[in-house]
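What follows is one structure encoded as structure tokens, with my remarks underneath.
Residue numbers (the working numbering): 10 to 201.
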């Protein structure tokens, strides 16, 4: 029975989610499979891949052929490298400990690269957010500055009316004050 390592589509329309499976090559794409090896989610950035490395290597050593996309995923997670290194163990060029050392060193380097990409994406996202906030603040300031002269014009229109009313009240008070003083002066004149 020819075995393929391939992707089985799950998820909803427009949001694919894949299982990485070992399946008979004659079975349907989403049909029966022999073993689930992991998952692949292309919707995240970077794509999320969970894979059982040892089971995948076992299937490769037993003759399973990965599809092109599955081969890229297996290579990305180091399954193809580990299979290659274990081939060196079979030939006697390497020991199991050396294989594990090389594989773990490779995985650490790969994870550093992935983390650097995630950090770069986070930094770009925060920079974009800060830039958008600055542009929004600038727009808000321009809008407030444009509204300010209109408010000043309304205030300056109201001020003359209030000033005229205050002047009129002062004139009325002045007219009333001399009238009161006049009888007082007449009364003081009569007393003398």
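Glycine included, each C-beta is placed from N, C-alpha and C at the ideal position.
Local conformation of residue i per DSSP, three classes
{"i": "residue 47", "result": "strand"}
{"i": "residue 103", "result": "coil"}
{"i": "residue 39", "result": "coil"}
{"i": "residue 20", "result": "strand"}
{"i": "residue 33", "result": "strand"}
{"i": "residue 113", "result": "helix"}
{"i": "residue 25", "result": "strand"}
{"i": "residue 75", "result": "strand"}
{"i": "residue 92", "result": "helix"}
Selected residue, minimal CA-CA separation from residue i, among the options
{"i": "residue 110", "options": "94, 43 and 101", "result": "94"}
{"i": "residue 65", "options": "157, 143 and 14", "result": "14"}
{"i": "residue 11", "options": "68, 39, 134 and 152", "result": "68"}
Residue j beta carbon less than 9 Å from that of residue i
{"i": "residue 92", "j": "residue 107", "result": "no"}
{"i": "residue 34", "j": "residue 74", "result": "yes"}
{"i": "residue 25", "j": "residue 51", "result": "yes"}
{"i": "residue 45", "j": "residue 29", "result": "yes"}
Cutoff 9 Å: residue i Cβ touching any chain D Cβ
{"i": "residue 80", "result": "The structure shown contains no chain D; it is built from a single protein chain."}
Residue range of the unbroken alpha helix (DSSP H) whose run includes residue i
{"i": "residue 63", "result": "62 to 70"}
Three CB pairs or more closer than 8 Å across the segment 108 to 127 and the segment 71 to 88: yes
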